[in-house]
Amino acid sequence: MTDRARLDGNAAAVAPPPDATPPTTPPPAAPLPAAAVLKFVLFGIVGALSGVVYVLIYLPLREVTPPPVANLVALALAALFNIEANRAWTFRRNRVARFGMHVRSAMLFGAHYALTTGAVLVLLAVHPDASRVAEVVTLFAADAAMTVARFIGLDKWVFGRGRSVA
Numbered sequence: 605m606t607d608r609a610r611l612d613g614n615a616a617a618v619a620p621p622p623d624a625t626p627p628t629t630p631p632p633a634a635p636l637p638a639a640a641v642l643k644f645v646l647f648g649i650v651g652a653l654s655g656v657v658y659v660l661i662y663l664p665l666r667e668v669t670p671p672p673v674a675n676l677v678a679l680a681l682a683a684l685f686n687i688e689a690n691r692a693w694t695f696r697r698n699r700v701a702r703f704g705m706h707v708r709s710a711m712l713f714g715a716h717y718a719l720t721t722g723a724v725l726v727l728l729a730v731h732p733d734a735s736r737v738a739e740v741v742t743l744f745a746a747d748a749a750m751t752v753a754r755f756i757g758l759d760k761w762v763f764g765r766g767r768s769v770a
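Heads up, the sequence shown is in the numbering used here, so the first residue is 605 and it goes up one at a time.
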């Protein structure tokens, strides 16, 4: 008998009800809205196309420039395609104020450039004779790490719903 039951004189008052057993599995998660899934799929398609543009620019540039320069030029040109395609197709913000959109995008670009350039420079410091394919794989891995942050940044900050023009 517990102390509470001795004080009350009623052991039944402190016993849990028989149907109060905790559930063994959590309730199922609510499904994502179709619009959110479509937005993420479109973001992925635009990202894949941007990746192709990036590689087609990076590899020839890398033959004549160091990695930071090749990465800067390729990433900047691919980013211009990416931001305009995402504006029009993924986030459907055709009436967004473009100057502010590009300023906010440039901030995301700075983080993206720092991460990808840092990754390829670390690769080349560890493996100075790394192939161009190894460089591109490293750049894509760094890009993948930035993708979620970029999606959230574009969705909530760059193309946020309060950003349209009259």
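C-beta atoms are modelled at their ideal positions from N, C-alpha and C, and glycine is treated no differently. On a predicted model such as this, the values are computed, not experimentally measured, just so you know.
Between the alpha carbons of K760 and E739 lies a gap of roughly 31 Å.
Sixteen is the threshold: when 16 or more other Cβ atoms of the shown chains lie within 10 Å of the Cβ of S709, as they do, the residue is buried. Distances from the alpha-carbon of G714 to those of N686, A680 and P670 put A680 closest. Each residue's CA atom was taken as its position, placing F647 and P664 some 26 Å apart.
Distance from G651 to T751 at the Cβ level is roughly 7 Å; contact confirmed, criterion being Cβ atoms closer than 8 Å.
The region 726–733 and the region 686–703 do not touch, with fewer than 3 CB-CB distances between them shorter than 8 Å.
Between A723 and A692, the C-beta spacing is not below 8 Å.
Beyond the five residues adjoining it in sequence on each side, G757 comes within less than 6 Å, by CB distance, of L712 in the same chain, given in chain order. Fully enclosed beta strand (DSSP E) runs of no fewer than 3 residues are not present anywhere in the region 635–688. The beta carbon of T742 sits closer than 7 Å to those of A723, V724 and L727, all from its chain and outside the five residues before and after it, given in chain order. Beyond the five residues adjoining it in sequence on each side, T694 comes within less than 7 Å, by CB distance, of K643, L646, F647 and V650 in the same chain, given in chain order.
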